[in-house]
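Colleague: The numbering of the sequence shown is the UniProt record's numbering, which starts it at 247 and goes up by one.
Glycine included, each C-beta is placed from N, C-alpha and C at the ideal position.
Quantities reported herein were computed from a predicted structural model and do not represent experimental measurements.
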Amino acid sequence: EKDGHDWFMRKEIYEQPQAVADALLGRRTPSGALQLDEMRLSEQELRDVDKIIVIACGTAFYAGLVAKYAIEHWCRIPVEVELAHEFRYRDPILTANTLVVAISQSGETADTLQAIRHARVQGSRVLAICNTNGSTIPRESDAVIYTHAGPEIGVASTKGFITQLVASYLLGLYLAQVRGTMFGDEITAVVNDLEEMPAHLQTLIDRKDEIYALAAELKDARSVLFLGRHAGYPVALEGALKLKELAYIHAEGFAAGELKHGPIALIEEGLPVFCVVPPRGRDQLHDKMISAIQEIRARGARTLLLVEEDDPAVASYADSVIPLPRVPVLLQPLVAVVPLQLFACELASLLGHDVDQPRNLAKSVTVE
Ligand code: M6R
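In C-alpha cells, the structure reads:
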C-alpha cells in the first residue's frame, strides 16, 4: 500500500499535488461562482455571522491560524483561533451569530468534539472542515467542507494539513462572495491561483533531493528554530511541530517580530534557523523579515531561507536557499510547508525513527 515508499508519510507528502486538485474539484458553478456542496447554512445565516471562532488542535490549529489571516482580509469578519481544549473550558462568548469552524482531519478528536458540542448548546452554528466522511465531528455539525485528501495513515499530518488550508481559503472566498466583500473577478483570481498550486507543489517535490541532503547535513542538530511572519508564522509553528513529533529534536517556531522580545537570546553559533520569507510586495513584510535574518546571522545562526526564487535581497544572508514558487502571501503556506515536511520526514528516517508511528502519539486522539 505504500507504493514502494518506505513510509506512508513520504507517500502522503508526494500525494499533495493530487490532494489539492481533489480538494478544489467541483467548487465552481458553470457561471464561475463558488459553491460548497455541504454548506447547509443559508446565505442569510452566513450574512448574519458577526464573529468566527476557529477551534482545532495540533496541525489543524495551525491551519486555523492561516484561515484567520485570509478570512479577516477577504471578509472583514473578526476571526479568533483557539485550541479546542482551551476554548472548551474557559466560558467563551458565543451567540447565534457566532460561526464556530472546527478543523479536524480525523473528525474524531475528542477535544474538538467536546468544543463543538459546547458551542451548539450555546446556540452557535458549527461548520466542520474535515477529511473523514461520516466521522463524528461533521455528523454533529451544521455544515461541512470535506477536504478530500484521501486516507491519511502517517501520524504526522501532511496532505491533511494542506487540504485544510485549501478548504479554509474556499470558506473565506465563499463568505466574501455571499457577503459581497470581494468582486467576482477578485474571487476568481484567487481560485485561479489555487488551481495553479498542484503544479507548484509538484515542482517542490521534484526538488526533494536538495532537502534530503540538507537533512543529512543537519542530522546531529540538537535544536532547530523556525521563523515566519504573517501567514508564514503558522508555517514556522508547523515546521517545528513536525520536527518535534517525528525526529524528537527540540524545535520552536516564532513570529519573526517577536525575536527581539526574547527568543533572540537562544541564537548561538551554528544554530539552524529556517526562515519563511514573505513574498516581495507592497507591504513591508519582506524587508522586515530580511532584517530579522540579518540580526540572527550576525549572531552566528545558520540561516536556511525558504524564499521565492530569484529574490536578489537574500543571497548574502543565506547559508542555504530553498526556492519557493512565486505566489501571493496569503497562499504561501501551501508551498512553504512542503520543504519542511520533507525535511522532518527525512531527518527522522535518517535517525532510525518510526516515521509513521512516532513514540507516544496516536493518529486520532479520542480522549480528552
Ligand atoms: O484529526 P485532527 O486533525 O483533529 O488531529 C489534530 C491533531 O491531533 C493532529 O493534527 C496532530 O497534531 C498531528 N500529529 C500533527 O502532525
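By DSSP, does V412 sit in helix, in strand, or in coil?
Modeller: Note: V412 maps to helix in three-state DSSP.
Colleague: Report whether the distance from the Cβ of A348 to the nearest heavy atom of the ligand M6R is below 6 Å.
Modeller: Incorrect: A348 has no Cβ contact closer than 6 Å to the ligand M6R.
Colleague: Note down, one range per segment and in chain order, each beta strand (DSSP E) of at least 3 residues found wholly within the stretch 527-571.
Modeller: Entirely contained in the stretch 527-571, the beta strand (DSSP E) runs reaching 3 residues are, in chain order, 548-554 and 566-570.
Colleague: Use the C-beta contact count for N377: other C-beta atoms within 10 angstroms, 16 or more gives buried, fewer gives exposed.
Modeller: Looking at its Cβ environment, which holds 16 or more other Cβ atoms inside 10 Å, N377 is buried.
Colleague: Where does S403 sit, in a helix, a strand or coil, going by DSSP?
Modeller: Correct three-state label for S403: coil.
Colleague: How close, in whole Å, do the beta carbons of L489 and V519 come, if the pair is a contact with beta carbons under 8 Å?
Modeller: In fact, because the Cβ distance is near 12 Å, the residues do not count as touching under 8 Å.
Colleague: Quick check: what's the CA-CA separation for Y458 versus K248?
Modeller: If I take the Cα positions, the gap works out to 19 Å.
Colleague: Looking at the strands, I want to know which residues DSSP matches up with K609.
Modeller: In DSSP, K609 forms no bridge with anything.
Colleague: Going by the C-beta, is S610 closer than 6 Å to any heavy atom of the ligand M6R?
Modeller: S610: yes, Cβ under 6 Å from the ligand M6R.
Colleague: Can you tell me where the beta strand (DSSP E) with L460 in it begins and where it stops?
Modeller: Note, L460: premise wrong, no beta strand (DSSP E); alpha helix (DSSP H) at K454 to E463.
Colleague: Excluding sequence positions up to five away, which residues of its chain have a Cβ less than 8 Å from the Cβ of S537?
Modeller: There are no such residues.
Colleague: In terms of residue numbering, what span does the beta strand (DSSP E) encompassing H496 cover?
Modeller: H496 to A501 is the extent of the beta strand (DSSP E) around H496.
Colleague: Determine which residues share a DSSP beta bridge with C376 and list them.
Modeller: Paired residues: S350 and Y392.
Colleague: By the DSSP assignment, the alpha helix (DSSP H) with G485 in it spans what residues?
Modeller: Counting along the chain, the alpha helix (DSSP H) containing G485 begins and ends at G478 to A493.
Colleague: For the ligand M6R, I want to know if A402 counts as a neighbour, meaning its beta carbon is within less than 6 Å of at least one of the ligand's heavy atoms.
Modeller: Indeed, a heavy atom of the ligand M6R lies less than 6 Å from the Cβ.
Colleague: Heavy atom of the ligand M6R less than 6 Å from the Cβ of T341, yes or no?
Modeller: For the ligand M6R, not one heavy atom lies less than 6 Å from the Cβ of T341.
Colleague: At a cut-off of 6 Å, is G304 close to the ligand M6R when judged by its beta-carbon and the heavy atoms of the ligand?
Modeller: Correct: G304 has its Cβ closer than 6 Å to the ligand M6R.
Colleague: May I ask you to report which of helix, strand or coil DSSP gives C521?
Modeller: Three-state DSSP puts C521 in a strand.
Colleague: Counting along the chain, where does the beta strand (DSSP E) carrying V328 start and finish?
Modeller: One detail in the question is off: residue 328 reads as Glu in this sequence, not Val. First-last of the beta strand (DSSP E) with E328: V325 to L329.
Colleague: Report the three-state DSSP secondary structure of F254 (helix, strand or coil).
Modeller: Reduced to three states, the DSSP call for F254 is helix.
Colleague: Since I301 sits in a beta bridge, which residues does DSSP pair it with?
Modeller: The partner list for I301 (beta bridge, DSSP) reads E328 and A348.
Colleague: Report the partner residues of residue 620 according to the DSSP bridge assignment.
Modeller: The requested residue 620 is not part of the displayed model; the chain covers only 247 to 614.
Colleague: Is the beta carbon of Q262 within less than 6 Å of some heavy atom of the ligand M6R?
Modeller: Incorrect: Q262 has no Cβ contact closer than 6 Å to the ligand M6R.
Colleague: To the nearest angstrom, report how far apart S277 and L419 are at their CA atoms.
Modeller: Taking the straight line joining both Cα atoms gives about 16 Å.
Colleague: In this structure, how does DSSP classify R273 when only helix, strand and coil are distinguished?
Modeller: It is coil, neither helix nor strand.
Colleague: Quick check: what's the CA-CA separation for R548 versus Y308?
Modeller: C-alpha separation (whole angstroms): 25 Å.
Colleague: Can at least three beta-carbon pairs, one atom from the stretch 561-576 and one from the stretch 522-541, be found at a separation below 8 Å?
Modeller: Flag = yes, the stretch 561-576 and the stretch 522-541 touch.
Colleague: What three-state label does DSSP hand V367 in the structure shown?
Modeller: Here V367 sits in helix by DSSP.
Colleague: Considering only heavy atoms of the ligand M6R, does any lie closer than 6 Å to the CB of Q530?
Modeller: Result no, Cβ not under 6 Å from the ligand M6R.
Colleague: Using the C-alpha atoms, what's the distance from A342 back to A544?
Modeller: Straight-line Cα distance between these residues: approximately 52 Å.
Colleague: Between which two residues does the alpha helix (DSSP H) holding L597 run?
Modeller: No alpha helix (DSSP H) contains L597, which DSSP labels as neither H nor E.
Colleague: Expressed to the nearest angstrom, what Euclidean distance is found between the alpha-carbon atoms of E397 and G406?
Modeller: Reading off the sequence shown, one finds Pro at residue 397, where the question assumed Glu. Their Cα atoms are separated by approximately 9 Å.
Colleague: Where do the N-terminal and C-terminal ends of the alpha helix (DSSP H) with V573 fall, by residue?
Modeller: Note, V573: premise wrong, no alpha helix (DSSP H); not H, not E.
Colleague: According to DSSP, what are the bridge partners of L359?
Modeller: Its beta-bridge partners do not exist; DSSP assigns none.
Colleague: Taking all protein chains shown into account, decide if G353 is buried (16 or more other Cβ within 10 angstroms of its Cβ) or exposed.
Modeller: Per the 10 Å Cβ criterion, buried.
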